[in-house]
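**Q** The following block contains the structure, expressed as structure tokens.
Number of protein chains: 4
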Amino acid sequence: MNIFGRIFRISIFGESHGPAIGVTIDGVPAGMPLTVNDFLLDLKRRQSGAKGTTPRVEEDMPEIVSGWVNGHTTGAPLTILFRNSNTRSDDYDSISKTPRPGHADFVAHVKFGGHNDIRGGGHFSGRLTLALVAAGVVAKRMVDPINIKAKLISVGGSCDIEGTIDRALEQGDSVGGIVECRANGIPVGLGEPFFDSVESVISHLAFAVPAIKGIEFGSGFASASMTGSRHNDPILDATGRTATNHAGGVTGGLTNGNELVFRVAVKPTSSIGIPQNTYSMETDRVEELVIKGRHDACIALRMPVIMEAVTAIALADLKLPANL
Amino acid sequence: MNIFGRIFRISIFGESHGPAIGVTIDGVPAGMPLTVNDFLLDLKRRQSGAKGTTPRVEEDMPEIVSGWVNGHTTGAPLTILFRNSNTRSDDYDSISKTPRPGHADFVAHVKFGGHNDIRGGGHFSGRLTLALVAAGVVAKRMVDPINIKAKLISVGGSCDIEGTIDRALEQGDSVGGIVECRANGIPVGLGEPFFDSVESVISHLAFAVPAIKGIEFGSGFASASMTGSRHNDPILDATGRTATNHAGGVTGGLTNGNELVFRVAVKPTSSIGIPQNTYSMETDRVEELVIKGRHDACIALRMPVIMEAVTAIALADLKLPANL
Amino acid sequence: MNIFGRIFRISIFGESHGPAIGVTIDGVPAGMPLTVNDFLLDLKRRQSGAKGTTPRVEEDMPEIVSGWVNGHTTGAPLTILFRNSNTRSDDYDSISKTPRPGHADFVAHVKFGGHNDIRGGGHFSGRLTLALVAAGVVAKRMVDPINIKAKLISVGGSCDIEGTIDRALEQGDSVGGIVECRANGIPVGLGEPFFDSVESVISHLAFAVPAIKGIEFGSGFASASMTGSRHNDPILDATGRTATNHAGGVTGGLTNGNELVFRVAVKPTSSIGIPQNTYSMETDRVEELVIKGRHDACIALRMPVIMEAVTAIALADLKLPANL
Amino acid sequence: MNIFGRIFRISIFGESHGPAIGVTIDGVPAGMPLTVNDFLLDLKRRQSGAKGTTPRVEEDMPEIVSGWVNGHTTGAPLTILFRNSNTRSDDYDSISKTPRPGHADFVAHVKFGGHNDIRGGGHFSGRLTLALVAAGVVAKRMVDPINIKAKLISVGGSCDIEGTIDRALEQGDSVGGIVECRANGIPVGLGEPFFDSVESVISHLAFAVPAIKGIEFGSGFASASMTGSRHNDPILDATGRTATNHAGGVTGGLTNGNELVFRVAVKPTSSIGIPQNTYSMETDRVEELVIKGRHDACIALRMPVIMEAVTAIALADLKLPANL
């Protein structure tokens, strides 16, 4: 489903090369100051243009079409629309017959009986994260003063991020990366057992983002190698502050008042300049595929602001008064 | 919330030392053969008794209290109840004042204003997974002939699982582990974009399980170190079969017909025999805590059947006819 | 689905002649005083025994199996269970072949492929309202000090309720009735546009109750005959008090601070002592059916407490801080 | 909430005088033929212009902004947008201080702390039903060949609909009416017990529509005056056909294969030309209010197509294969 959340409920729509992409947010309180300008910084961070990201530059100018009057929210659903432009659909003509490895071309073709919009990946395009980032801007405002910051901490297994991307670009290849997100100022007790643990809600949103293949909280996979005596975080005072933070700020599925820390694994961009093999529906055999056009060498570069949005949306949806 | 799912909807209730734990499943088709015996194998796999798991042995005998007549389901909600017994509540008297590191004691105390059931961790107890496993048995039946198998692949960073647990037991310590789950026979196209990717739904459920701190699909975190030319899985034929399976059976958030593969990181059991420091609400300072009673040295031992349940429940909820 | 609500979420299960009927409530705040005795008055009001209602008397003793410790709620899901007893299943043996007019026998047979529990109407039995009344008791506590009172205002078109039921009993027939529910002390602004108007949520719940065939708020159907100049309720002061209450306390789908008033139409009990014609699946033709056993002559007698429950549950689910 | 449905899920947004009104539909199958022209007939039926309805004529031209390519749906969310135009906001300047009787002005002011969009009723405007009708067009296509037809059967208590409206117009007053909706060709067994009876889902949607104050199925309120021997519909054959249809096509909350019949009570338009009294927030006392501009004398004239949409949306959401 394209709808997520119980309290802060978002509905996302649009395709890469369709008329528009947008998001409707239900559950925004009335009277919250908000202007189009408030979106621009995060949209810019997500946008293409940085080294290694695709040169397709959309204006990505948000239009607020509902739930907003005179610089503040009204309490009605807030809809933010982005008109698509600068689309070169002819780049994608061959997709219908030769599904690109790593992309949704094949699975979408099967699921939707060949009726899916194939241009630019259609509804499966990473461009949909534009709507997520816009919702994140609103969510960040709602969970203020919680501070959320994400950054790219490694690319292709290396901390020399720039060098690694340069080499991938030279070879027409792409690389994956790891993004770490940290949030401070979260009260104790967010999260709703049994199913809506903080980790559950964040991971649900994170895996909706194309290219995410793993997530871990606190020590994460490293905790599997630890003993309990080392992993347990001793509680130090009445605020719940702990001496270590192996838990990444979440105990029993609830925020524990310490820094929330998680990392996501971003796979390498599926579109590469190097020729690949794939099955051709036309000839019914494996053929060589060369993907035309230029693409992100490292989609992970765009992910920090997206993971901040994921975190803010999750916290906004969970931020009920603890005792209802 | 204690309710999950849209088509196969489960509601979980109960506490470790309360009268009963149970699950109500809405969306089970009518006429499915089912007996109490069908639950016993998976419940046994989850149950305590194995080396390194807590010696508290409940009978864990399911009672089907609704949605079932004469050996088949009726289409009405199926409720499965487990009466608790063999509880030694006095072991837990001190929890109210000295929250155990790694447990939900502190966060639950804050969230519920001190009214939560503290006995055995109450609603936060790993014992709640009993209900999940029961739901998993029903879900496995529903997604048949999909075959789901999970196993523990490492403990404390080692593949010598038995030896590592023995050493932890000797020291009164605990260890974490990694569980891998594989499912075969899944049709192409399960998963509902944007938000309900297969990874989103599985991870949402997986992180509801106490002690899970990370999840990865296919190559997962390793994919962050790869290039696209290596990571992309070449499609070989009209069924979508791929030469490699770095994607772990999921492309664009949808199942791609190849083996579904994911791994979860299980933290070491929080209850250990070694003395630990924690904040005492009674004295308002850090005190030494010794946890009485015996506990699982490696909670990861119980996880394979739980992760199978997670997978089956996710697939049952997503297994709509592709085109609705 | 057998689950309703977003904030105060209830899951209902059970059959008339199965082992138990129950309800799990998610979203009950922690620390609310509650005992088994608190349920008894409303359960008694719903129970059989009054003139014209079925002589089958269940004990209807609630068992609180989760979410409750030492006389207060814990914040975890609250499950209330009612064991069935005093069932005479043999009365219902013929239902499988000769569906009773007015009952769900035929539609349930088709929907569930003949696998539904036919004993006593199974999951379609009015006995399921036991669970609704129990949830209503909890909801009433939560919306306190809102005062909700319902009563039977006519039977068979007459205000001589007792006489009308007597005559129906003499003839082995049944009669319908109208129940009116009024609630006072509701704050202005409950209800969530667009879809979750107060009327929407109340009517959704009311029509889940077997035998309800109509609902109207305020002047209801009579308002269709009015002019605007007469129907409009003039606002008198800053609290929103109106001179008349044709709106029944709801304007624009939101509570307006005046008395909430609605009425439901209850059809006559479908089970009657008079012989009826119905299609026999056995002989493939219309046969005379005589329903054995004794039944409610006027199911509407039970409805006041059920409609109070409906109102309380709706308000509990909507009673968020207005501005979130 | 502005989102409704589980399988056919719609999200509605917009305000009367904001930039646009729209609806996003999640759950539309891929490959369904659909063009802008398909919407025009039903939009026209809803539109103003008929005798007694407001002369404000919007173009109401739908723009499909997502989920659609080359004349067919893609399986991705279908968003339909209507740009507002021809708005005369100055008509509404006084609303902020003198809430109009019968309108949401007062309750919305309280609920949203004065931040709601007051122009034309904002999000509470009947104009929002434009989005509902658009969703209805899609839903009708999905439930084809079910045939749904609604009509206005009385106005102001009279069957002389035209004459009654003429008199109201002359007096600057308004009148209510009753709309009846009938649907044929519905299979047996739609509806999901316990909560999602067909009546529950239809009434939930119907009461989301501004001005609806009552709903009844089949004999409805008249059934409260009947005996069971008269009200029960004898089943005639294996298709479930009944000799009478007092049940209005719904038994036990499920469709029974006979004609679905329901009626809604529509209150008189709240905006009238006759001076009224209301509380003034400015002077803190009751003042005379004269509503400027021209308005529908009988909003019930617009309701038939809206109730068809309600029915189609409800059936589309419930139209799962009976046994899942």
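Chains as they are written, first to last, in our numbering: chain X, 53 to 376; chain E, 53 to 376; chain V, 53 to 376; chain W, 53 to 376.
Ideal Cβ positions, reconstructed from N, Cα and C, are used throughout, including at glycine.
Given the structure is predicted, the values throughout are model-derived calculations rather than measurements.
1. Hey, out of X:289, X:94, X:322, X:215, whose CA is closest to residue 27 of chain X's CA?
2. Please state whether DSSP places residue 72 of chain X in a helix, a strand or coil.
3. Would you mind sorting residue 327 of chain X into buried or exposed? The rule is 16 or more other CB atoms within 10 Å of its CB.
4. Would you mind listing the alpha helix (DSSP H) stretches within the stretch 117-189 of chain X that are 4+ residues and don't spill past its ends, in chain order?
5. Report back the beta-carbon spacing between residue 123 of chain E and residue 85 of chain E to the nearest angstrom; my notes put them in contact at under 8 Å.
6. What three-state label does DSSP hand residue 88 of chain V in the structure shown?
7. Please identify, using Cβ separations under 9 Å, the residues of the stretch 213-246 of chain E that lie next to chain W, in order along the chain.
8. Measure from the C-beta of residue 121 of chain E to each C-beta in chain V and report whether the shortest distance is under 8 Å.
9. Excluding the five sequence neighbours on either side, which residues of its own chain have a C-beta within less than 8 Å of the C-beta of residue 365 of chain E, listed in chain order?
10. Quick check: the Cα distance between residue 374 of chain X and residue 239 of chain V, rounded to an integer number of angstroms?
11. Which partner residues does residue 317 of chain W have in the DSSP bridge list?
12. Consult DSSP for residue 338 of chain X and reduce its assignment to one of helix, strand or coil.
13. Quick one: what does DSSP say residue 61 of chain X is sitting in, helix, strand or coil?
14. Quick check: the Cα distance between residue 244 of chain E and residue 53 of chain W, rounded to an integer number of angstroms?
15. Quick one: what does DSSP say residue 326 of chain X is sitting in, helix, strand or coil?
16. Strictly below 9 Å CB to CB, what residues from chain X border residue 58 of chain V?
17. Nearest to residue 318 of chain X by CA position, among X:290, X:330, X:295, X:229, is which residue?
18. Step through the CB atoms of chain W and report whether any lies within less than 8 Å of the CB of residue 116 of chain V.
19. Nearest to residue 69 of chain W by CA position, among W:89, W:178, W:149, is which residue?
20. Going by C-alpha to C-alpha distance, which of V:369, V:212, V:354, V:370 sits closest to residue 94 of chain V?
21. Measure the C-alpha to C-alpha separation of residue 210 of chain V and residue 314 of chain W and round it to an integer number of angstroms.
22. Assuming residue 65 of chain E and residue 129 of chain V make a contact with CB atoms under 8 Å, what is their CB distance in whole Å?
23. Residues of chain V with CB under 8 Å from residue 112 of chain E, in chain order?
24. Among residues of its own chain, excluding the 5 on either side of residue 149 of chain X, which ones have a beta-carbon nearer than 7 Å to its beta-carbon?
25. Excluding the 5 residues preceding and the 5 following residue 338 of chain V in the sequence, name in chain order all residues of the same chain whose CB lies nearer than 6 Å to its CB.
26. Which residues in chain A sit within 8 Å of residue 173 of chain X, going by Cβ to Cβ distance?
27. Whole angstroms are fine: how far does the CA of residue 336 of chain W sit from the CA of residue 266 of chain V?
28. Where does residue 325 of chain W land, buried or exposed, given buried means 16+ other C-beta within 10 angstroms?
29. Just list the residues that DSSP pairs residue 210 of chain E with in beta bridges.
30. State buried or exposed for residue 137 of chain V, treating a residue as buried only when at least 16 other CB atoms are found within 10 Å of its CB.
31. Using beta-carbon positions only, say whether residue 261 of chain V and residue 181 of chain V come within less than 8 Å of one another.
32. Closer than 8 Å, Cβ to any Cβ of chain V: which residues of the stretch 68-82 of chain E, in chain order?
33. Which of the three DSSP states, helix, strand or coil, is assigned to residue 250 of chain E?
34. Return no unless some Cβ of chain E is closer than 8 Å to the Cβ of residue 148 of chain X.
35. Going by other Cβ atoms of all chains shown within 10 Å of its Cβ, with 16 needed for buried, is residue 113 of chain X buried or exposed?
36. Since residue 163 of chain W and residue 306 of chain V are thought to touch, with beta carbons under 8 Å apart, how far apart are those beta carbons, to the nearest angstrom?
**A** Judging by the given coordinates:
1. With chain X covering only 53 through 376, there is no way to say anything about residue 27 of chain X.
2. For the purposes of this step, residue 72 of chain X is taken as residue 20 along the first sequence, with counting starting at 1. The answer is strand: DSSP assigns residue 72 of chain X an E or B state.
3. As a position in the first sequence, residue 327 of chain X is number 275, starting the count at 1. Exposed: under 16 other Cβ atoms inside 10 Å.
4. 157-163
5. Translated into the one-based positions of the second sequence, residue 123 of chain E becomes position 71. Translated into the one-based positions of the second sequence, residue 85 of chain E becomes position 33. The pair is a contact, with the Cβ atoms about 6 Å apart (cut-off 8 Å).
6. Position 36 of the third sequence, counted from the start, is the residue given in the question as residue 88 of chain V. Residue 88 of chain V falls in the coil class under three-state DSSP.
7. 244, 245, 246
8. To locate residue 121 of chain E, count along the second sequence from 1; it is residue 69. Yes, its Cβ sits closer than 8 Å to a Cβ of chain V.
9. In the second sequence, counting from the first residue as 1, residue 365 of chain E sits at position 313. So the qualifying residues of the chain are 56, 57, 60, 62, 184, 187, 188, 191, 257.
10. Taking the first residue of the first sequence as position 1, residue 374 of chain X is located at position 322. Taking the first residue of the third sequence as position 1, residue 239 of chain V is located at position 187. With a pLDDT of 42 at residue 374 of chain X, under the threshold of 50, the modelled position of that residue is not reliable, and the figure given next carries that caveat. Looking at the two C-alpha atoms, the distance is approximately 22 Å.
11. Your numbering for residue 317 of chain W matches position 265 in the fourth sequence. DSSP lists W:230, W:266 as partners of residue 317 of chain W.
12. For this step, residue 338 of chain X is matched to residue 286 along the first sequence. If DSSP states are grouped into helix, strand and coil, residue 338 of chain X belongs with the strands.
13. Taking the first residue of the first sequence as position 1, residue 61 of chain X is located at position 9. It is a strand residue.
14. Residue mapping note: residue 244 of chain E aligns to position 192 of the second sequence, counting from 1. Residue mapping note: residue 53 of chain W aligns to position 1 of the fourth sequence, counting from 1. Near 22 Å, if we compare the C-alpha coordinates of residue 53 of chain W and residue 244 of chain E.
15. Numbered from its first residue, the first sequence carries residue 326 of chain X at position 274. Coil at residue 326 of chain X, not helix or strand.
16. One-based indexing of the third sequence puts residue 58 of chain V at position 6. Those within 9 Å of residue 58 of chain V in chain X are 58, 59.
17. What you label residue 318 of chain X is simply residue 266 of the first sequence in a count that begins at 1. Nearest option by C-alpha distance: X:229.
18. Residue numbering aside, residue 116 of chain V sits at position 64 when the third sequence is read from its first letter. It does not; no Cβ of chain W falls within 8 Å.
19. Locating residue 69 of chain W in the fourth sequence gives position 17, counting from the first residue. Nearest option by C-alpha distance: W:178.
20. Locating residue 94 of chain V in the third sequence gives position 42, where the first residue counts as 1. Checking every option, the nearest Cα to that of residue 94 of chain V belongs to V:354.
21. The residue given as residue 210 of chain V occupies position 158 in the third sequence. The residue given as residue 314 of chain W occupies position 262 in the fourth sequence. Whole-angstrom Cα-Cα distance: 24 Å.
22. Reading the second sequence from its first residue, position 13 is the one you call residue 65 of chain E. Reading the third sequence from its first residue, position 77 is the one you call residue 129 of chain V. So it is a contact: roughly 4 Å between Cβ atoms.
23. Indexing the second sequence from 1 puts residue 112 of chain E at position 60. The premise fails here: residue 112 of chain E is roughly 16 Å from chain V at the closest Cβ pair, so nothing lies under 8 Å.
24. To locate residue 149 of chain X, count along the first sequence from 1; it is residue 97. Hits under 7 Å: 332, 333, 334.
25. As a position in the third sequence, residue 338 of chain V is number 286, starting the count at 1. Only 329, 331 meet the Cβ criterion.
26. The structure shown has no chain A; the protein chains it does contain are X, E, V and W.
27. Mapped onto the third sequence, residue 266 of chain V falls at position 214. Mapped onto the fourth sequence, residue 336 of chain W falls at position 284. Looking at the two C-alpha atoms, the distance is approximately 40 Å.
28. Numbered from its first residue, the fourth sequence carries residue 325 of chain W at position 273. Its Cβ being crowded by 16 or more others within 10 Å, residue 325 of chain W is buried.
29. As a position in the second sequence, residue 210 of chain E is number 158, starting the count at 1. Answer is E:207.
30. Start at 1 with the first residue of the third sequence, and residue 137 of chain V comes out as number 85. Counting Cβ neighbours within 10 Å, residue 137 of chain V comes out exposed, since fewer than 16 surround it.
31. Residue numbering aside, residue 261 of chain V sits at position 209 when the third sequence is read from its first letter. Residue numbering aside, residue 181 of chain V sits at position 129 when the third sequence is read from its first letter. Contact flag set, yes.
32. 70, 71, 72, 73, 74, 76, 78, 79, 82
33. Translated into positions along the second sequence, residue 250 of chain E becomes position 198. Correct three-state label for residue 250 of chain E: helix.
34. Mapped onto the first sequence, residue 148 of chain X falls at position 96. No, residue 148 of chain X lies away from the interface with chain E (no Cβ there is under 8 Å from its Cβ).
35. Position 61 of the first sequence holds residue 113 of chain X. Exposed: under 16 other Cβ atoms inside 10 Å.
36. In the fourth sequence, residue 163 of chain W corresponds to position 111, counting from 1. In the third sequence, residue 306 of chain V corresponds to position 254, counting from 1. Yes, they are in contact, since the Cβ atoms of residue 163 of chain W and residue 306 of chain V sit about 6 Å apart, within 8 Å.
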